[in-house]
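Some notes on the structure that comes next.
Put into structure tokens, the structure is as follows:
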């Protein structure tokens, strides 16, 4: 089942790569989180996706603010997504490297110039670096030990016993019309 999902995700991501880099890199993130930690707790997975999404947004925002153009924006998003995913999942960095190479090749095929890719690379890497640095020691994994304190809850009915609730009348009289 995972192989089928990976193939489908790869095909969809490749088909939409240049048109929508966010979808392409989001498919890379979904594949990474799903393959590394299929039972990953939602807090950790959610945090990974949130930081990753923040990097993509930051790269898009920086390039749009500078009116740098579509190819620069796409390259910036690609590098930001790549670097954040490689930071979270270093054992999959070869996969991300291959995805980045394939993505940049598509930008070049669509007429992207090397200068645009270099400019996008700088923006994307800067955004990813700043975001990862800010989130490195943000305290998300500071656990407070709790030994627990048992407190009596008082008398309860036996488990499974039906306790009727007022008015305790299963067949109320008909209401006058």
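Residue numbers (mature numbering (1 follows the signal peptide of the UniProt record, and there is no 0)): -17 to -1, 1 to 160. C-beta: ideal position from N, C-alpha, C; glycine also.
Separation of residue 131 and residue 31 (C-alpha to C-alpha, rounded to the nearest whole angstrom) is 30 Å.
Pairing residue 19 with residue 144, the inter-Cα distance amounts to about 45 Å. Under the three-state reduction of DSSP, residue 133 is assigned to coil, being neither helix nor strand. Approximately 5 Å separates the beta-carbon atoms of residue 106 and residue 45; this is inside 8 Å, confirming the contact. The three-state secondary structure of residue 127, taken from DSSP, is coil. For the 8 Å CB-CB criterion, residue 64 and residue 38 form a contact. Residue 76 and residue 68 have their C-alpha atoms some 8 Å from each other. A contact is defined here as three or more CB-CB pairs under 8 Å, and the segment 113 to 126 fails this definition with respect to the segment 91 to 105. Per DSSP, residue 66 is one residue of the alpha helix (DSSP H) stretching across 53 to 71.
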